[in-house]
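Report on the following structure.
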Amino acid sequence: MPTVVTRQEKGFLAKWKYKYEVERDVYVCPQGEEIRYDTTDRDGYCHYKSDPQQCEIYPLLTQRTQNQNHQKTITRHVWEEDKEQVRMNRLSNEGKWIYRMRKEKVKEQALMTAACQNMKKIAYHLARVSCMEESLLAIS
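According to the numbering used here, the sequence shown holds residues 93 to 232 in order.
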């Protein structure tokens with residue numbers, strides 16, 4: 093399954109610097125040029141591509157794309173709005189509080205799991221030592 097690289101390439105304009113206009117379904121670059129919808133792949137990513145003729149005369153072309161055709165491509169997941177809402181919930185005061193509580197609960201769960209594993213190892217070791225002692229007593 094192919095993955096979409098979302099990391100920011102050094103020296104390029106970040107995706108967040110392009111404004112997404114929901115009603116027109118286009119991205120607008122900092123220079124005001126539109127990057128229009130092109131296609132949606134099977135993984136649910138919409139691809140928006142710029143007009144190569146506009147990009148060719150773009151003053152900051154080297155910060156926009158290295159594409160040979162001078163075409164900028166931006167990907168947007170079909171659930172991007174929902175993902176952004178989840179992100180905003182997580183960053184709210186209530187979301188931060190819930191995350192802290194969840195973190196403590198997970199920490200306690202991890203400690204309990206480790207304690208159980210240690211008890212199991214101790215019981216296995218004691219059972220093994222007792223078997224060895226019984227074997228030695230049977231031999232003598």
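Even for Gly, the Cβ is constructed at its ideal location relative to N, Cα and C.
Going by DSSP, which residues form a beta bridge with residue i?
{"i": "Lys141", "result": "Arg128 and Thr165"}
{"i": "Lys111", "result": "Val120"}
Give me, in chain order, the residues of the same chain whose beta-carbon lies closer than 7 Å to that of residue i; leave out the 5 immediate sequence neighbours on both sides.
{"i": "Gln146", "result": "Glu125"}
{"i": "Arg187", "result": "The question names Arg, but residue 187 in the sequence shown is Gly. So the list reads Asn181, once near-sequence residues are dropped."}
{"i": "Lys175", "result": "His169"}
{"i": "Asp130", "result": "His139, Tyr140 and Lys141"}
Give me, in chain order, the residues of the same chain whose beta-carbon lies closer than 6 Å to that of residue i; leave out the 5 immediate sequence neighbours on both sides.
{"i": "Tyr112", "result": "Tyr119"}
{"i": "Cys121", "result": "Tyr110"}
{"i": "Arg99", "result": "Reliability of the predicted coordinates at Arg99 is poor, the pLDDT of 49 falling under 50, and no value is obtained from them."}
{"i": "Glu172", "result": "none"}
Establish whether the CB of residue i and some CB of chain B are separated by less than 9 Å.
{"i": "Tyr119", "result": "Note that chain B does not occur in the displayed structure, where there is just one protein chain."}
Check the C-beta distance from residue i over to residue j and give it rounded, since I have them as a contact under 8 Å.
{"i": "Gln163", "j": "Lys199", "result": "No, Gln163 and Lys199 are not in contact; Cβ-Cβ is about 48 Å, not under 8 Å."}
{"i": "Lys57", "j": "Ile166", "result": "The question about residue 57 has no answer, for the chain in this structure spans 93 to 232."}
Could you give the residue range of the alpha helix (DSSP H) that holds residue i?
{"i": "Trp189", "result": "Asn185 to Ile231"}
For residue i, which residues of its own chain have a beta-carbon under 8 Å away from its beta-carbon, when the five flanking residues on both sides are left out?
{"i": "Ala215", "result": "none"}
{"i": "Thr132", "result": "Cys138, His139 and Val170"}
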